[in-house]
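At position 127 of the sequence shown (counting the first as 1) the number is 144 in the numbering used here, and the numbers step up by one without a gap.
All remarks here apply to the structure that follows.
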Amino acid sequence: MQLKELKNQLDGFPIEDQLKKLVSLFPEKVIFTTSLGIEDQVITHKLFSNNIDVKVITLDTGRLFPQTYDVFSNTIIKYNKKISVYFPEYESVEKMITEKGPFSFYQSVENRKECCRIRKVVPLNRALKGMECWISGIRAEQSDNRNNMDWLEYDKSKNLYKFYPLFNWTFDDIKNFVKENNVPYNSLHDKGFVSIGCEPCTRAVKPGEDFRSGRWWWENDGPKECGLHIK
């Protein structure tokens, strides 16, 4: 199926209908990756509340906040659904920390990207293997890089479609939906944390700062991405 044809089949429909359409077009080949952040919790709610048959997975890097695990636990309890967990390959983590120590990512961009690759990109690629459509909670207003993306794309390197159902939502839209539907969310969002990743690499965002400025804050140049959504 061509990208334009798929867009025409999805454009203008409610998110729930878009998700169901993708499942009908790509049975057992649709995957949603959740970081358990507030955007992803909206998508999780829509999937689980409507019993939409999409595989839901999360990447456990081994460096997550305790509050993130609270969201994980509260989510599977509330919806009585499974979230599959993907861990890094332990040999690679052991080698990196043995050779460079536990905080090598602070020393250079190359080291940080190495850590992201081992802990996130490699397990993600394992999860995506054989999939034809990848759902993500990316929103346009999160960064300049993401604003230049589109709500539906084809990733040639991964050979699958990427669908961002909340692409045009604002952060206020997200917060209002979570409140109105009593969706479990990370308590760090109430303390100035906007984008929540690994504990050593995430801080709260001050008023007026860029949405992604709380991620890898010691890096001044370049897009604040870990490699999951860079083609």
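Note that beta-carbon positions come from the ideal geometry of N, C-alpha and C, so glycine has one too.
Use the C-beta contact count for residue i: other C-beta atoms within 10 angstroms, 16 or more gives buried, fewer gives exposed.
| i | result |
| --- | --- |
| residue 187 | exposed |
| residue 29 | exposed |
| residue 35 | buried |
| residue 115 | exposed |
| residue 102 | exposed |
| residue 174 | exposed |
| residue 189 | exposed |
| residue 213 | buried |
| residue 21 | exposed |
| residue 63 | buried |
| residue 18 | exposed |
| residue 165 | exposed |
Please report the residue range of the beta strand (DSSP E) in which residue i lies.
| i | result |
| --- | --- |
| residue 170 | 169-172 |
| residue 76 | 72-76 |
| residue 101 | 101-103 |
| residue 50 | 47-50 |
| residue 152 | 150-152 |
In whole angstroms, what separates the C-alpha of residue i from that of residue j?
| i | j | result |
| --- | --- | --- |
| residue 23 | residue 137 | 29 Å |
| residue 226 | residue 182 | 25 Å |
| residue 199 | residue 228 | 24 Å |
| residue 172 | residue 32 | 21 Å |
| residue 90 | residue 55 | 15 Å |
| residue 125 | residue 51 | 27 Å |
| residue 211 | residue 224 | 11 Å |
| residue 67 | residue 129 | 38 Å |
| residue 218 | residue 232 | 6 Å |
| residue 43 | residue 150 | 7 Å |
| residue 127 | residue 120 | 13 Å |
| residue 131 | residue 107 | 14 Å |
| residue 133 | residue 113 | 11 Å |
| residue 47 | residue 53 | 18 Å |
Inspect the beta-carbon positions of residue i and residue j and report whether they are closer than 7 Å.
| i | j | result |
| --- | --- | --- |
| residue 147 | residue 57 | no |
| residue 70 | residue 110 | no |
| residue 184 | residue 157 | yes |
| residue 98 | residue 49 | no |
| residue 59 | residue 152 | no |
| residue 100 | residue 75 | yes |
| residue 201 | residue 85 | no |
| residue 203 | residue 73 | no |
Once you ignore the five residues that flank residue i on each side, which residues in its own chain have a CB closer than 6 Å to its CB?
| i | result |
| --- | --- |
| residue 105 | 135, 136 and 140 |
| residue 170 | 179 |
| residue 216 | 80 and 82 |
| residue 167 | none |
| residue 246 | Bear in mind that a pLDDT of 49 at residue 246, under 50, signals an unreliable position, so the number given afterwards is only what the model happens to contain. Within the same chain, residue 246 has no close Cβ partners at all. |
| residue 159 | 228 |
Tell me the residue span of the alpha helix (DSSP H) that contains residue i.
| i | result |
| --- | --- |
| residue 249 | Since the displayed the chain opens at 18 and closes at 248, residue 249 lies outside it and no answer follows. |
| residue 181 | Residue 181 -> no alpha helix (DSSP H), and no H or E assigned at all. |
| residue 32 | 32-42 |
| residue 109 | 107-117 |
| residue 55 | 55-66 |
| residue 143 | 139-145 |
| residue 21 | 20-27 |
| residue 207 | It is not in any alpha helix (DSSP H) - residue 207 carries neither H nor E in the DSSP assignment. |
Between which residues of its own chain and residue i is the CB-CB distance below 8 Å, once the five residues before and five after are set aside?
| i | result |
| --- | --- |
| residue 235 | 123 |
Excluding the 5 residues flanking residue i on each side, which residues of the same chain have their C-beta closer than 7 Å to its C-beta?
| i | result |
| --- | --- |
| residue 27 | 35, 38 and 169 |
| residue 230 | 222 |
| residue 95 | 201 |
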